[in-house]
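If you read the sequence shown in full-length UniProt numbering, its first letter stands for residue 1, the second for the next number, and so on. In this text, a Cβ means the ideal position worked out from N, Cα and C, and glycines have one as well. To start, the structure itself, in structure tokens.
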Amino acid sequence: MSGDEQKPKPPGTGAGGASGPTGASNASSAGAAAFGPQEIARRDVSGSAAGRAREGMFGTQGSGDTSGFGGLRLPGYAPAPAERPYGGWFDEVVDETAAALADDSGAGVDFDACVQQVTVDRGEMTWYVDRAHLVRLARTLRDDPALRFEFCSGVSGVDYGEGVPQQLHVVTHLLSMTYRRRLRLEIALDLDDARCPSLVEVYPTADWHERETWDMFGVVFEGHPSLTRILMPDDWNGHPQLKSYPLGGIPVEYHDAEIPPPDQRRAYT
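Structure, rendered in structure tokens:
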């Protein structure tokens, strides 16, 4: 068998091409105002979603905030659930994943049970995943010849702030180097139940990323081989990128001073 014959052949790509999501479109995913992540993470959400605008980088009002972000105004936004056809190669990846899960007799789960919602927005696809099936789904995406998402390029967190159910999200970015495709897996968590299965056994590169996400957001990755601090000191209290974490007031020992929170800062010019 020649070298060319041994190379994996990418499946058909539809309208979008195999090089990526450029050109993929979906009228239903043009975007809709949403109150928070629970509106986009659950397929059974009904009714129209309400927008929640963000005012100021730090949410301060009527103070001497000198951070430069006091006048920031951003509308509430979350992409709407996508509907078939998704466009480009997106439909093929969904169909191949569903077929691979169905062929796996040990999985005991189908695509709709694993993926709560599919979103296509700005030429990118996101799957909102049930955390109970994350590892099985990730292994399928890695191992199936028609999918081959061989590389986990990052794991990160998002905190949407108080008053938003399932405000804490874990975001995993997968890359297929074989087919030049990217896919995002997202899991929505309650702040008081911030647990997520570790993907280190499937993607060893997730090790450092999961440690940083735990360090910054407090998400406990169950099954991680060594979930320890990676940015903050081992004895640090709290997780600095949570919205509930104080923005200032932390003693700066080498200056014997204190950085006040933004709503207490004043300009002296």
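Roughly how many angstroms separate the alpha carbons of residue i and residue j, rounded to a whole number?
i, j, result
"residue 39", "residue 203", "Note on residue 39: pLDDT 40, under 50, position unreliable in the model; no value is reported."
"residue 79", "residue 94", "19 Å"
"residue 161", "residue 191", "10 Å"
"residue 228", "residue 208", "10 Å"
"residue 223", "residue 90", "31 Å"
"residue 261", "residue 117", "38 Å"
"residue 176", "residue 135", "17 Å"
"residue 96", "residue 146", "7 Å"
"residue 166", "residue 210", "19 Å"
"residue 154", "residue 87", "25 Å"
"residue 233", "residue 240", "12 Å"
"residue 279", "residue 246", "Absent from the structure is residue 279, since the part of the chain shown begins at 1 and ends at 269."
"residue 141", "residue 243", "33 Å"
"residue 123", "residue 130", "23 Å"
"residue 199", "residue 206", "6 Å"
"residue 113", "residue 121", "22 Å"
"residue 195", "residue 164", "17 Å"
"residue 139", "residue 187", "16 Å"
"residue 179", "residue 127", "19 Å"
"residue 101", "residue 133", "11 Å"
"residue 148", "residue 183", "11 Å"
"residue 230", "residue 111", "35 Å"
"residue 143", "residue 201", "13 Å"
"residue 109", "residue 220", "24 Å"
"residue 173", "residue 193", "22 Å"
"residue 119", "residue 99", "20 Å"
"residue 189", "residue 168", "5 Å"
Quick one: give me the first and last residue of the beta strand (DSSP E) that residue i is part of.
i, result
"residue 127", "124-129"
"residue 195", "195-197"
"residue 169", "168-176"
"residue 95", "Unbroken run through residue 95 is the alpha helix (DSSP H), 90-103; no beta strand (DSSP E)."
"residue 135", "From DSSP, residue 135 is part of no beta strand (DSSP E) but of the alpha helix (DSSP H) over 134-143."
"residue 187", "181-189"
"residue 156", "151-159"
In the DSSP assignment, what are the bridge partners of residue i?
i, result
"residue 116", "In the DSSP output, where bridge partners are listed per residue, residue 116 has none listed."
"residue 222", "197"
"residue 121", "124"
"residue 82", "Paired residue(s): none; residue 82 is not in a bridge."
Go to residue i, then tell me how far its alpha helix (DSSP H) extends in each direction, as first and last residue.
i, result
"residue 210", "206-217"
Exposed or buried, residue i, counting other C-beta atoms within 10 Å across all chains shown (16 or more means buried)?
i, result
"residue 197", "buried"
"residue 218", "buried"
"residue 216", "buried"
"residue 170", "buried"
"residue 103", "exposed"
"residue 236", "exposed"
"residue 92", "buried"
"residue 238", "exposed"
"residue 225", "exposed"
"residue 157", "buried"
"residue 212", "buried"
"residue 159", "buried"
"residue 181", "buried"
"residue 319", "For residue 319 there is no data in the structure shown, the boundaries of the chain being 1 and 269."
"residue 137", "buried"
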